[in-house]
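Residue numbers (my numbering), protein chains in the order written: chain A, 9 to 501; chain B, 9 to 501.
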């Protein structure tokens, strides 16, 4: 934004990312990922390579969420990657709409083929193929059926951090890839009420992660019957509005009732001495959250990361012009770095011989929340010049080193809050209460940005079913705050 | 051991684990895993379920190692689970002895078969099959070939924590399973010397993890040519002696020379302006470490965990006999627990209504390093009764709560050191310096416990090649401390 003014009014603003969000939002998204060095496409169709900077972000998300779910008494465990086909068949019997696009393992050995390359050895064909887990309800259900014997074993709360695979035809990095990373939680309870409350509680934990760590608001609520996870009694979601007005289903939590307990025979002996089916939930959050983070906070210069989750909270850049001063400036920076480190602040110190403007743009494109530039003048004055990534060049301030060190946590906290508020304001100002299907049709036909909120009557209107397809819209959720009386409708990722 | 004395001299000692180590070491191992609730076999052939207590141990190992490798400038990333067959073929061209037992993905969709169950849809057959990664040299090499352009990009140090799969015929939990969890590091350097030093340095980090955290000694050294990783110029290992005298290859670090760089075209432009092949290393440590931990430290009552890595360092057990005192004792325990928590000590507080002796045995079988039992008498006296898992009942001490809290870190540290020393003593006293092949043959034919150390001449003796097979022995390594002059020979896992 600041450069726009410098470039003069006639010229098109120069941005680090081409195209801009307005010009082409989906392409902007891909370019932001590339500019930040988060990930790239791999030679395996539909799978991505998560590069170190993107993975560091995922590690921070993992750490934050893992701490929260452990506080809830959830225990991490690990279950096999491969699922026996029989398990999937058993699930498919009980559950309509089960997704069948998945990677199937049929052989267990390679051998040299006719052309000298390797081929699956015919004599290694498996009697029963396996599927790479698209999700683990079935194999975890099988274990739970052994581990749950008595009411004393309940509740049982399990989680695994793992890779899963679904054979996706159209993929987009972080948002939809054939393989992705996630956590999947699977809890079992004695009573229907406990499971129901748990599904809502775990969604609440996700909301907290999004709000407090990722500075992402969202609309929490229940999925409509059509949009439920196959086999769930109730599905809950947090739908976050991206800057193009589309919804991202940022996580889900399902009350599975007794459906999976029935398929996998999860029974317990109650205090009454009788056998009862357990009630289960499942809840998941994936690397998709990173896609949402980009589309919530990014600007035309790239991603902007909330300080609490950013791999580096501060980019420390020595401005080196004259070789003679270089070592002094670097020593001055090291002093600052040590003081920041003592406060547990994550600092990226770039003392390479790359040009300062390149380093500065790299920090901007990587979305590092606060940039500290130290030139000879700063050093001589015992000063620190710093610029907020979220507010851009206009926020540049120079202050004494002591003042900076004393205030740095407050500055980072303010960035976090400002980002959160800005996203909330955007979302709030792009939800439109409409009265009837004509208004709704107009809204989406005109390609307006945002969500529509309507009375739930519309879900029963046959005309809506047709419009959904024509306009590529879906009911995103019945918001909790509207107590099931309203439905949020939108386009989505 | 303590119970042995109680049970009287005539009777067979009562132990928590049946059989004992002496009776049947492999079966003892399986029973220890079951008793500790670490893991169990899964419905997927050759794959295990890592249960919460086993996984918590793995998380602690991960955290410790991850911190160490990050200190070395290694960055975590994530690469696809599936490897294109073409990559494996390319590797196989360059490298003899490449393992071909692996899970092959050939289809991407299921459909209803004739009998109503699900089958791979014939029209979803992949043009080129994929293999589930047995290790990721190839796919990471492919990325590195793009990421490494100039000498400025080197060294590049990447690591991923992931699952891998090899189709194993004979499996044993933690030691050899078709799927297992590990980290695999892949570093690239400009010079041969740097790569060589790096392979040795990364092995040193593993040694530190084993020594300082897992209280496991071991013999670090180089693998002989026959035992090298296919394609490696040098393979390094830490061979740890289990209590049955067998060796566990506890980790490996490979200097790959330019072999993989050649296969995957990892080239950089040097300062001389010319293109050069990079030199790479790879280094891995897996859930196998947990199997080694069990077989190093376990006794006939189960596993014994070193405090630094134990999910729970202290088991806090209220001894509840009289309902009237129960709530008071529990309150007293809560006070102790809070003081331990303030010191960041991981406490398992078991206030369930299970019988005290059952709780005590559970803590023993889970290998919790220190057990604190609190009865009414302790409470009335403001005392704490504690027993070390490694020393057994004879180590039981009662002291004041203040003394205990003041000393607890020292006690845990002493357990850690004592376990380390004991394992070292065992190893040291079971390495036998033998002079010739006759002595060696006698040693292993008599099924003696331990390693044999000999001059490396034996490796060139044709008789040794025959004996290796007959006696199921292998050269484990050329120890660093013997500067390549000696070879350690043993049976192994």
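Glycine included, C-beta positions come from ideal geometry on N, C-alpha and C.
These numbers were taken from a predicted model, which means no experiment stands behind them.
Proximity to residue 344 of chain B across B/369, B/393 and B/308 peaks at B/393, based on C-alpha coordinates. Here residue 34 of chain A carries a helix assignment [DSSP, helix/strand/coil].
Going by DSSP, residue 57 of chain B is part of the beta strand (DSSP E) stretching over 56-58. Note that the C-beta distance between residue 141 of chain B and residue 91 of chain B is below 9 Å. When the Cα atoms are used, residue 193 of chain B and residue 289 of chain B turn out to be separated by approximately 8 Å.
Residue contact check for residue 125 of chain B against chain A: a CB pair falls below 9 Å. Beta-bridge analysis with DSSP links residue 261 of chain A to A/244 and A/291. Residue 99 of chain A is positioned such that its CB atom lies closer than 9 Å to that of residue 145 of chain A.
Non-local beta-carbon contacts of residue 439 of chain B in its own chain, meaning distances under 7 Å to residues more than five positions away in sequence, involve 458, 459 and 461 in chain order.
Residue A/96 holds the alpha-carbon nearest to the alpha-carbon of residue 124 of chain B among A/96, A/123 and A/122. In this chain, the beta strand (DSSP E) harbouring residue 497 of chain A covers 494-498.
Taking C-beta separations shorter than 6 Å and ignoring five residues to either side along the sequence, the partners of residue 200 of chain B in its chain run 287, following chain order.
Between residue 165 of chain B and residue 129 of chain B, the C-beta gap is not smaller than 9 Å, which leaves the two residues out of contact.
Among the residues of chain A, those whose CB is under 7 Å from the CB of residue 67 of chain B are 84, following chain order.
The C-beta separation of residue 254 of chain B from residue 501 of chain B comes to about 6 Å, placing the pair in contact by the 8 Å criterion.
The Cβ atoms of residue 431 of chain A and residue 375 of chain A do not sit closer than 9 Å to each other.
Taking a cut-off of 8 Å on C-beta distances, the stretch 152-170 of chain B does not touch the stretch 295-305 of chain B, as fewer than three cross pairs fall below it. For residue 171 of chain B, at least one C-beta of chain A is nearer than 9 Å to its own C-beta.
Assignment of residue 116 of chain B by DSSP, reduced to helix, strand and coil, places it in the coil class.
The straight-line gap separating the alpha-carbon atoms of residue 188 of chain B and residue 321 of chain A is approximately 35 Å. The stretch 103-184 of chain A is shown to contain whole beta strand (DSSP E) runs of 3 or more residues at 112-115, 118-120, 126-128, 133-140 and 164-173, in chain order. Residue 228 of chain A and residue 479 of chain A have their C-alpha atoms some 23 Å from each other. Looking at the backbone, the Cα of residue 29 of chain B and that of residue 292 of chain B are separated by about 29 Å.
Counting C-beta pairs closer than 8 Å gives fewer than three between the stretch 363-370 of chain B and the stretch 400-409 of chain B, which falls short of the contact rule. Across the structure, residue 449 of chain A and residue 435 of chain A are spaced so that their CA atoms are roughly 20 Å apart.
In the three-state scheme derived from DSSP, where H, G and I count as helix and E and B as strand, residue 199 of chain B is classed as coil. By the Cβ-count criterion, residue 314 of chain B is buried, with 16 or more other Cβ atoms from all chains shown falling within 10 Å of its own Cβ. Within the DSSP secondary-structure output, residue 381 of chain B pairs in a beta bridge with B/325 and B/393. In the structure shown, residue 74 of chain B falls within a helical segment according to DSSP collapsed to helix, strand and coil. At least 9 Å separates the beta-carbon of residue 420 of chain B from that of residue 296 of chain B.
Neighbours of residue 108 of chain A in chain B, taken as residues whose beta carbon is under 7 Å from its own, are 117, 118 and 119 in chain order.
Neighbours of residue 128 of chain A across chain B, judged by C-beta separation under 8 Å: 112, 114 and 137.
With a cutoff of 9 Å on beta-carbon distance, residue 252 of chain B and residue 312 of chain B are scored as not near each other. Between residue 87 of chain A and chain B, the shortest Cβ-Cβ separation is below 9 Å.
Residue 316 of chain B and residue 356 of chain B have their C-alpha atoms roughly 15 Å apart. Within the DSSP secondary-structure output, residue 190 of chain B pairs in a beta bridge with B/170 and B/294.
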